[in-house]
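Heads up, the thing below is written out as structure tokens.
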Amino acid sequence: MSATTNGTPLVELRNVSKYFGNVIALKDVSMSVYAGEVMCLLGDNGAGKSTLIKIISGVHSPDEGELLVEGKPTRFNSPRDALNAGIATVYQDLAIVPLMSISRNFFLGSEPTRGWGPFKRFDVATADRITREELAKMGIHVRDTAQAVGTLSGGERQSVAIARAVYFGAKVLILDEPTAALGVKEAGVVLRYIAQARARGLGVVFITHNVHHAYPIGDRFTLLNRGRSYGTFRKSEVTREEVVAMMAGGEELDELSHELEEFARTDRLAAEKLKEAGREFHAEAQVVHHTSDQPR
Amino acid sequence: MAVTEEVAGQRPAADERLARVNPLRRLMVRPEMGAVSGSIVVWVFFAIFAGDRGFLSARGTANYLQVAAELGILAVAVALLMIGGEFDLSVGSVLGACGMIIVVLSVEYGWNIWAAIAASLLFAIAVGIINGYIVLTTGLPSFIVTLAMLFIVRGATIGLTRQITGRTQLGGLGNVPGYETAKAVFASRLKIAGAEFSISILWWLAIAALATWILLRTPFGNWITGVGGNVQAARNIGVPVIRVKILLFIGTAVSGWLVATIQAVTFTNSDVLRGNFREFYAIVAAVIGGTLLTGGYGSAIGAVFGALIFGMVQQGIVFMGVDADWFQAVLGAMLLAAVLINRFVRNRAMEVRR
Chain Y
13 MSATTNGTPL VELRNVSKYF GNVIALKDVS MSVYAGEVMC LLGDNGAGKS
63 TLIKIISGVH SPDEGELLVE GKPTRFNSPR DALNAGIATV YQDLAIVPLM
113 SISRNFFLGS EPTRGWGPFK RFDVATADRI TREELAKMGI HVRDTAQAVG
163 TLSGGERQSV AIARAVYFGA KVLILDEPTA ALGVKEAGVV LRYIAQARAR
213 GLGVVFITHN VHHAYPIGDR FTLLNRGRSY GTFRKSEVTR EEVVAMMAGG
263 EELDELSHEL EEFARTDRLA AEKLKEAGRE FHAEAQVVHH TSDQPR
Chain F
738 MAVTEEVAGQ RPAADERLAR VNPLRRLMVR PEMGAVSGSI VVWVFFAIFA
788 GDRGFLSARG TANYLQVAAE LGILAVAVAL LMIGGEFDLS VGSVLGACGM
838 IIVVLSVEYG WNIWAAIAAS LLFAIAVGII NGYIVLTTGL PSFIVTLAML
888 FIVRGATIGL TRQITGRTQL GGLGNVPGYE TAKAVFASRL KIAGAEFSIS
938 ILWWLAIAAL ATWILLRTPF GNWITGVGGN VQAARNIGVP VIRVKILLFI
988 GTAVSGWLVA TIQAVTFTNS DVLRGNFREF YAIVAAVIGG TLLTGGYGSA
1038 IGAVFGALIF GMVQQGIVFM GVDADWFQAV LGAMLLAAVL INRFVRNRAM
1088 EVRR
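Going down the list, the protein sequences come from chains Y and F.
Residue 297 in this note's numbering sits at position 285 of the first sequence, and the numbers go up by one each step.
Residue 1045 in this note's numbering sits at position 308 of the second sequence, and the numbers go up by one each step.
Pasting the structure below:
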């Protein structure tokens, strides 16, 4: 379970900066992920999480700093390069084709084939079998691999994408807000798959702004705020509350919860006042009604 | 159906939750279901109201099958492109241009007809590549790009033909070198039950079978559905999006070339306006066949039946004695009905089955 932080990290960023015109998206950020650990990348919206993962997954290249894959400085020119290096990214909602079947989605772009020459064909039976087996390993038992992915729940869709990345030999799994759009129970399901992936020896980079999802599963936490890093902490070094506080949301969240309580209180008061006003109005209306009935 | 996605009986130890999916319902969500049942309805309708006037005869059948075949060849290619998430409105104008290229080169310049046919094929491929290249490098909607191409190709066909020959119609293809062999391939007729069936029907079925095979049983087919259903996901996962789409654009242009060749060789002439509106009819047939306008869903078999409905209706109302002017109104009504049915089918397919 615990991370083996000795040895070479699978992926490491050293003092990376990225600029978009005059916007500093990332400044001097370092992070790493080792095999068999879940490394949580935390930060509020606009903290630079997306830019950071796009650098690791080959969408952007860093303007300054270094990207190292298993200790070797590397430069990715495309997402395909990153994929070939064993870095698979599961994007929040961009990973699947809703109207396609589960097994066709699973093998999209890497279809198993049978036969030779012009008779080479997509081996549907094998695709179905492997999809079923791989999903079963993740603890998902699909009813029918021919059903459209769009019919699955959000958590199951994420899980299909994760299972696919694992099957195709990913060593590093980058999960972009996999729990963001999910309900409590579904998020739990996805967290369990993340734990499964870690148990199978993958390095997982888990991006989220939800500390309650990150803290139970994370081994280390890198905190980003406005394009800069607050540093990386092991779980033993910080409490959940400290993480929340560091995430730029800390005090604001406290403030917000006070505000919400205040809203609730004033709402209650307002509702009572409204009720009273309604009663008065009703009474008044009755009076008006009676008086207007009388002949002038 | 000859090719279905599920191979029954091969599923290992069926999940007990699977048993409850009604086989009828499984059939219902196949994209071509609407067109298959629609074909039966249309056939029965005309069998009742025009059966005694020749609709049911072998000749009547050969008649509407030929109409269906010439549209169906286009519709199958257009359906594949639409499943891949793009439109091609230039098909009809490519059809007109290819026919003219064949006749002008062989009649005016004395080329062997096979050389002229090859030249027009190269032209069609070039148009497909240009369409695809512009759409994919600029990100402009293919609807607009190919609409522009429609006018460019049609206008250039009319302009060049008149400049070279001084006319807009050109005949005499029957006397050029190589005509007899070309006729055997593109315009021969097969006598069945006393009626002559056009060989274009065979071309149509062969192309539909090929397209269905590609779509359901090759990696490339999976990529077509993938790029049409979610291009971003397909790209992220490593599908060569540009190659797939350009090949699909070439496919539609080549289908226009094939129909142009069949018609030019059959009628031994060509007209600059040939193929007018065919691009829309092909889209209508594909949509009636269950292909979604938004891409990512559809079938080549559906397009075959869409074209069959088109042929039966176009010829059927003539057999019925109704003025052919009404054909377009009927076509429009059928298109509307088809998209409503498709919407329903898609919602069923996407529904969570509990």
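Idealized CB from N, CA, C, for every residue including glycine.
Residue i classed as buried or exposed, judged by whether at least 16 other C-beta atoms fall within 10 angstroms
{"i": "residue 904 of chain F", "result": "exposed"}
{"i": "residue 785 of chain F", "result": "exposed"}
{"i": "residue 923 of chain F", "result": "buried"}
{"i": "residue 293 of chain Y", "result": "exposed"}
{"i": "residue 778 of chain F", "result": "exposed"}
{"i": "residue 995 of chain F", "result": "buried"}
{"i": "residue 233 of chain Y", "result": "buried"}
{"i": "residue 864 of chain F", "result": "buried"}
{"i": "residue 917 of chain F", "result": "exposed"}
{"i": "residue 935 of chain F", "result": "buried"}
{"i": "residue 131 of chain Y", "result": "exposed"}
{"i": "residue 271 of chain Y", "result": "exposed"}
{"i": "residue 879 of chain F", "result": "buried"}
{"i": "residue 738 of chain F", "result": "For residue 738 of chain F, the predicted model reports a pLDDT of 37, less than 50, meaning its position is unreliable and no value from the coordinates is stated."}
{"i": "residue 1014 of chain F", "result": "exposed"}
{"i": "residue 755 of chain F", "result": "Per-residue confidence for residue 755 of chain F stands at a pLDDT of 48, beneath the threshold of 50, marking its modelled position as unreliable; the derived number appears in the next sentence. Classification of residue 755 of chain F: exposed, given that the 10 Å Cβ count is below 16."}
{"i": "residue 1081 of chain F", "result": "exposed"}
{"i": "residue 892 of chain F", "result": "exposed"}
{"i": "residue 752 of chain F", "result": "With a pLDDT of 47 at residue 752 of chain F, under the threshold of 50, the modelled position of this residue cannot be trusted; read the value that follows with caution. Burial call: exposed."}
{"i": "residue 746 of chain F", "result": "With a pLDDT of 40 at residue 746 of chain F, under the threshold of 50, the predicted position of this residue should be treated as unreliable, though the coordinate-derived value follows. Residue 746 of chain F should be labelled exposed."}
{"i": "residue 128 of chain Y", "result": "exposed"}
{"i": "residue 308 of chain Y", "result": "At residue 308 of chain Y the pLDDT is 45, less than 50, meaning the model places this residue with poor confidence and gives no usable figure here."}
{"i": "residue 1073 of chain F", "result": "exposed"}
{"i": "residue 1084 of chain F", "result": "exposed"}
{"i": "residue 1069 of chain F", "result": "exposed"}
{"i": "residue 282 of chain Y", "result": "exposed"}
{"i": "residue 196 of chain Y", "result": "exposed"}
{"i": "residue 1077 of chain F", "result": "exposed"}
Per DSSP, the bridge partner or partners of residue i
{"i": "residue 188 of chain Y", "result": "Y/219"}
{"i": "residue 178 of chain Y", "result": "DSSP output for residue 178 of chain Y lists no bridge partner at all."}
{"i": "residue 51 of chain Y", "result": "Y/217 and Y/232"}
{"i": "residue 28 of chain Y", "result": "Y/41"}
{"i": "residue 932 of chain F", "result": "F/929"}
{"i": "residue 134 of chain Y", "result": "Y/125"}
{"i": "residue 1059 of chain F", "result": "In DSSP, residue 1059 of chain F forms no bridge with anything."}
{"i": "residue 160 of chain Y", "result": "Y/113"}
{"i": "residue 243 of chain Y", "result": "Y/235"}
{"i": "residue 906 of chain F", "result": "F/1008"}
{"i": "residue 999 of chain F", "result": "None, per the DSSP bridge assignment."}
{"i": "residue 36 of chain Y", "result": "Y/31"}
{"i": "residue 23 of chain Y", "result": "Y/45 and Y/81"}
Whole-Å CB distance - residue i paired with residue j, under 8 Å assumed
{"i": "residue 1039 of chain F", "j": "residue 816 of chain F", "result": "7 Å"}
{"i": "residue 82 of chain Y", "j": "residue 27 of chain Y", "result": "The pair is not a contact, with the Cβ atoms about 19 Å apart (cut-off 8 Å)."}
{"i": "residue 966 of chain F", "j": "residue 1033 of chain F", "result": "3 Å"}
{"i": "residue 1026 of chain F", "j": "residue 807 of chain F", "result": "That belief does not hold up - the Cβ atoms of residue 1026 of chain F and residue 807 of chain F are roughly 16 Å apart, past 8 Å."}
{"i": "residue 147 of chain Y", "j": "residue 136 of chain Y", "result": "In fact, because the Cβ distance is near 16 Å, the residues do not count as touching under 8 Å."}
{"i": "residue 1050 of chain F", "j": "residue 1064 of chain F", "result": "7 Å"}
{"i": "residue 22 of chain Y", "j": "residue 29 of chain Y", "result": "22 Å between Cβ atoms; not a contact."}
{"i": "residue 812 of chain F", "j": "residue 990 of chain F", "result": "Wrong, their Cβ atoms sit about 14 Å apart, outside the cutoff."}
{"i": "residue 259 of chain Y", "j": "residue 201 of chain Y", "result": "With 8 Å as the limit, residue 259 of chain Y and residue 201 of chain Y do not qualify as a contact, their Cβ atoms being about 24 Å apart."}
{"i": "residue 169 of chain Y", "j": "residue 962 of chain F", "result": "Wrong, their Cβ atoms sit about 17 Å apart, outside the cutoff."}
Residue-level contact to chain B via CB, residue i, 8 Å cutoff
{"i": "residue 112 of chain Y", "result": "Absent here is chain B; the protein component of the structure consists of chains Y and F."}
Just to confirm the assignment: which complete alpha helix (DSSP H) runs, minimum length 4, are found wholly within the segment 74-106 of chain Y?
91-96
Report the residues of the segment 1025-1037 of chain F with a CB closer than 7 Å to any CB of chain Y, ordered along the chain.
1033 and 1034
Just list the alpha helix (DSSP H) runs in the segment 766-854 of chain F, keeping only unbroken ones of 4 residues or longer that don't cross its boundaries, in chain order.
770-787, 795-820 and 828-840
Select from the segment 935-956 of chain F all residues with a C-beta closer than 7 Å to any C-beta belonging to chain Y, and list them in chain order.
954, 955 and 956
Residues, ordered as in the chain, of the segment 969-999 of chain F that lie near chain Y by beta-carbon distance below 7 Å:
969, 970, 971, 973, 974, 975 and 976
Please list, in chain order, the residues of the segment 174-207 of chain Y that have any C-beta partner in chain F closer than 8 Å.
none
Which residues, taken in chain order from the segment 124-145 of chain Y, show a beta carbon closer than 8 Å to some beta carbon of chain F?
125, 132, 133, 134, 136, 137, 140, 141 and 144
Kindly provide the ranges of any beta strand (DSSP E) runs that are 3 or more residues long and lie completely inside the segment 1013-1048 of chain F, ordered along the chain.
none
Which residues, in chain order, does the segment 767-790 of chain F contribute to contact with chain Y at a C-beta distance below 9 Å?
none
Mind listing which residues of the segment 53-77 of chain Y have their C-beta closer than 8 Å to chain F's C-betas, in chain order?
none
Short-range partners of chain Y found in the segment 912-933 of chain F, where Cβ spacing is below 7 Å:
none
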